[in-house]
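Take the sequence shown: its letters are residues 1027 to 1234, numbered as in my numbering.
Glycine is no exception: its CB is placed at the ideal position from the N, C-alpha and C atoms.
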Amino acid sequence: MTNSADRRAQASAKRQRLTAAAARVLHEQGVERTTLADIARAAGVPVGNVYYYFRTKDDLVRAALAEHGARLDELTGRLEREAGPRDRLKALVESWIGERDVVARHGCPTGTLAAELGKRADDTLGTEAGAVLRRLLDWAAGQFRELGLPGPEDLALTLVSGCQGMSLMAHALRDPDVMTREGARLLRWLDFLGTQGAPVAGSSRRSS
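See below:
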């Protein structure tokens, strides 16, 4: 029984190493340029063993998306310990800024995967990548709702679009300072929201 339990634990650990390596290598190289051998090498696993856990590269891509989703859940779980919803939203932006060097080299991990997978004829994996971003949108909308601001879904879209936009531009220009500057702008916007005279998403369109 002990040997069986040990084998299961080792298999689980090996699968997790492959999943983490897939998330990292796919982010750095993209789906099309990445081979199963690349992922096996990064995980320190013989390439022949990969097929025991993942039959195709798409299975590894799916596992990498699940890893991104788990990291997002871990991040938002940590942010929930912040004092209030505005602090949580600002901490989200600050965590994004904190990844500026990696993002400038490789882009946003989930955003770049969603963009690449969305070009496939079979959009199944592209839809799954979009679902990870949808979870972030839903979380952000919940924070704006807790603040009592109108149009929380619109505000969440503005915030996440701003984070994705600064990631795209930092990557395109290979300039992490883009995220520093644009992140500071988003932080000022979050401070301003809800104060007297501050516009909210879509308010000018509705009032005209």
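Rounded C-alpha distance that separates residue i from residue j
{"i": "GLN1036", "j": "SER1030", "result": "10 angstroms"}
{"i": "VAL1119", "j": "GLY1209", "result": "6 angstroms"}
{"i": "LYS1116", "j": "ALA1048", "result": "30 angstroms"}
{"i": "SER1006", "j": "MET1205", "result": "Residue 1006 lies beyond the residue range present for the chain, which begins at 1027 and ends at 1234; the question has no answer from this structure."}
{"i": "LEU1219", "j": "LEU1101", "result": "23 angstroms"}
{"i": "ILE1123", "j": "ALA1166", "result": "17 angstroms"}
{"i": "ARG1161", "j": "LEU1213", "result": "21 angstroms"}
{"i": "GLY1156", "j": "LEU1098", "result": "13 angstroms"}
{"i": "GLY1188", "j": "ASP1180", "result": "12 angstroms"}
{"i": "GLY1174", "j": "ARG1107", "result": "19 angstroms"}
{"i": "VAL1051", "j": "LYS1083", "result": "12 angstroms"}
{"i": "GLU1058", "j": "ASP1149", "result": "15 angstroms"}
{"i": "GLU1054", "j": "VAL1158", "result": "19 angstroms"}
{"i": "TRP1215", "j": "ARG1033", "result": "52 angstroms"}
{"i": "VAL1129", "j": "THR1221", "result": "32 angstroms"}
{"i": "ALA1109", "j": "SER1121", "result": "16 angstroms"}
{"i": "GLU1142", "j": "PRO1176", "result": "34 angstroms"}
{"i": "LEU1105", "j": "ARG1207", "result": "22 angstroms"}
Where residue i falls: helix, strand or coil (DSSP)
{"i": "PRO1072", "result": "coil"}
{"i": "PRO1178", "result": "helix"}
{"i": "ASP1149", "result": "coil"}
{"i": "HIS1202", "result": "What sits at residue 1202 in the sequence shown is Pro, not His. PRO1202 falls in the coil class under three-state DSSP."}
{"i": "ALA1046", "result": "helix"}
{"i": "GLY1133", "result": "coil"}
{"i": "LEU1173", "result": "coil"}
Closest residue to residue i among the options (Cα-Cα distance)
{"i": "GLY1056", "options": "ARG1214, GLY1144, SER1038, ARG1161", "result": "GLY1144"}
{"i": "GLU1172", "options": "GLN1190, GLY1156, ARG1114, THR1221", "result": "ARG1114"}
{"i": "ARG1200", "options": "LEU1151, ARG1131, TRP1215", "result": "ARG1131"}
{"i": "GLU1154", "options": "TRP1165, MET1195, LEU1139, ALA1167", "result": "LEU1139"}
{"i": "LEU1086", "options": "GLY1174, ARG1043, GLU1106", "result": "ARG1043"}
{"i": "ASP1217", "options": "MET1195, ARG1112, GLU1142, PRO1178", "result": "ARG1112"}
{"i": "ALA1196", "options": "ASP1127, ASP1032, ALA1109", "result": "ASP1127"}
{"i": "PRO1202", "options": "GLU1125, GLY1103, GLY1074, VAL1071", "result": "GLU1125"}
Residue i burial status per 10 Å Cβ neighbour count (16 or more: buried)
{"i": "PHE1080", "result": "buried"}
{"i": "THR1061", "result": "exposed"}
{"i": "ALA1063", "result": "exposed"}
{"i": "ALA1039", "result": "exposed"}
{"i": "THR1184", "result": "buried"}
{"i": "ALA1069", "result": "buried"}
{"i": "ALA1066", "result": "buried"}
{"i": "PRO1178", "result": "buried"}
Sequence-distant residues of its chain with Cβ nearer than 6 angstroms to residue i (five each side left out)
{"i": "THR1045", "result": "ALA1089, GLU1093"}
{"i": "VAL1076", "result": "LEU1062, ALA1066"}
{"i": "GLY1095", "result": "VAL1158"}
Neighbourhood of residue i by C-beta, 7 angstroms cutoff - its chain only, sequence neighbours within 5 removed
{"i": "ARG1041", "result": "TYR1079"}
{"i": "GLN1190", "result": "CYS1134, GLY1137"}
{"i": "ALA1182", "result": "LEU1163, ALA1166, ALA1167, PHE1170"}
{"i": "VAL1073", "result": "LEU1062, ALA1063, ALA1066"}
Same chain, Cβ closer than 8 angstroms to residue i, five either side skipped, listed in chain order
{"i": "ARG1146", "result": "GLY1152"}
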